[in-house]
Structures are given as structure tokens and as C-alpha cells.
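The sequence shown begins at 2 in our numbering and counts up one residue at a time.
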Amino acid sequence: APIEDHDELRWLELDDLYAVAWLPADLPIVEQLQALLGPPPRSR
Numbered sequence: 002a003p004i005e006d007h008d009e010l011r012w013l014e015l016d017d018l019y020a021v022a023w024l025p026a027d028l029p030i031v032e033q034l035q036a037l038l039g040p041p042p043r044s045r
């Protein structure tokens with residue numbers, strides 16, 4: 002499989018974490034960040 006890289010680097014608000022089309026290899030760290038930081042503010 003070809004190596005995929007990122008097209009863009011930007012800060013996201015916690016409630017926008019899943020508004021990005023993450024590469025499959027990025028999903029484990031995104032999920033760990035959400036677990037560490039808690040639910041988005043609008044669902045607290």
C-alpha cells in the first residue's frame with residue numbers, strides 16, 4: 002500500500018475532533034486524545 006501523508010496541519014476544538022476525514026493510521030491517537038480530554042464541551 003502506498004504511504005499516505007497529511008495535506009494540512011491545523012488546531013481543532015475538541016468538539017470538532019471527528020469533523021476531519023482522518024487517515025486510518027491516525028484514528029488510534031485521535032481516540033486516545035478524546036479519552037484523555039473527555040467528552041466535547043457541548044455534551045458534558
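The beta-carbon is built from N, C-alpha and C at its ideal position, and this holds for glycine as well.
It should be emphasised that the depicted structure is a prediction, and the values quoted were computed from it without experimental measurement.
Anyone know if the C-beta pair for residue i and residue j falls short of 8 Å?
i   : j   : result
E5  : L24 : yes
V31 : L18 : yes
E21 : L13 : First, the residue type needs correcting, since residue 21 is Val and not Glu in the sequence shown. Result yes, Cβ atoms of V21 and L13 sit closer than 8 Å.
Starting from residue i, trace the alpha helix (DSSP H) both ways and give me its first and last residue.
i   : result
A36 : L28 to L38
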